[in-house]
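What the sequence shown shows, in the numbering used here, is residues 391 to 548, in sequence order. Written below as structure tokens is the structure these notes are about.
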Amino acid sequence: MRKKSKYKPRGVRLDAITWVINGFKPVSATGSAVLDLKIKNHSALEALRTGQAKRYDIDSIISALNVSEALSRLGIGHEYKDEIKEGQDALLELSRRGINREDRFVAKAAELTAINYVMELHDAQLEITTIAQLEKALDMVVNEIKSRRARAIEEKTV
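Laid out in structure tokens, this is it:
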């Protein structure tokens, strides 16, 4: 059997100029994409608040908070890094509790307050972020997960 090569060709951008110009546009100029994202995030937050949250709701909240942290590392809302950490810690505890209870996610008042605050910050960040900055933040989140620097909800036992 032949050894599999590690080489993977890079993607090719057919219109690089348009891609660069779009990178300077604010994310809020994309219109429906941002609106859909906000609806998804806030419906997940509402499900958490009412005690109806499922695993996919928690996953969307986790994604929003991770992007918020990455944007703060890029300098957008960097003065709120302590509040973001607090919200992520609250979400981590909530998620670990929920997984131990067969995916039943119920938030305590302090946890919900911290998560709500970071979600408001995330919405404010999206209003002033450019498309290029958002892509860079998403790449940062993916790299954190790939390099196993992200905190895992379910800790593996040996």
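Backbone N, C-alpha and C define an ideal beta-carbon position, used for all residues, glycine too. Just so we're clear, the structure is a prediction, and the values are computed from it rather than from any experiment.
Taking the CB atoms as reference points, tell me whether residue i and residue j lie closer together than 9 angstroms.
| i | j | result |
| --- | --- | --- |
| S450 | A434 | yes |
| I418 | E517 | Before going further, note that residue 418 is Ser rather than Ile in the sequence given. Yes, these two residues count as a Cβ contact at 9 angstroms. |
| G467 | Q515 | yes |
| I505 | L455 | yes |
| L484 | A497 | yes |
Please report the residue range of the alpha helix (DSSP H) in which residue i lies.
| i | result |
| --- | --- |
| A527 | I521 to K536 |
| H512 | A499 to I518 |
| Q478 | K471 to N490 |
| E436 | S422 to T440 |
| G413 | A406 to G413 |
| L461 | R445 to R463 |
Can you give the Cα-Cα distance for residue i and residue j, rounded to whole angstroms?
| i | j | result |
| --- | --- | --- |
| R445 | H432 | 15 angstroms |
| K415 | L425 | 16 angstroms |
| N533 | A542 | 15 angstroms |
For residue i, which residues from the same chain have a beta carbon less than 6 angstroms from its beta carbon, with the 5 sequence-adjacent residues on both sides left out?
| i | result |
| --- | --- |
| A443 | A437 and F495 |
Tell me which residues share the same chain as residue i and place their Cβ nearer than 7 angstroms to its Cβ, disregarding the 5 neighbours each side in the sequence.
| i | result |
| --- | --- |
| D447 | A434, A437 and L438 |
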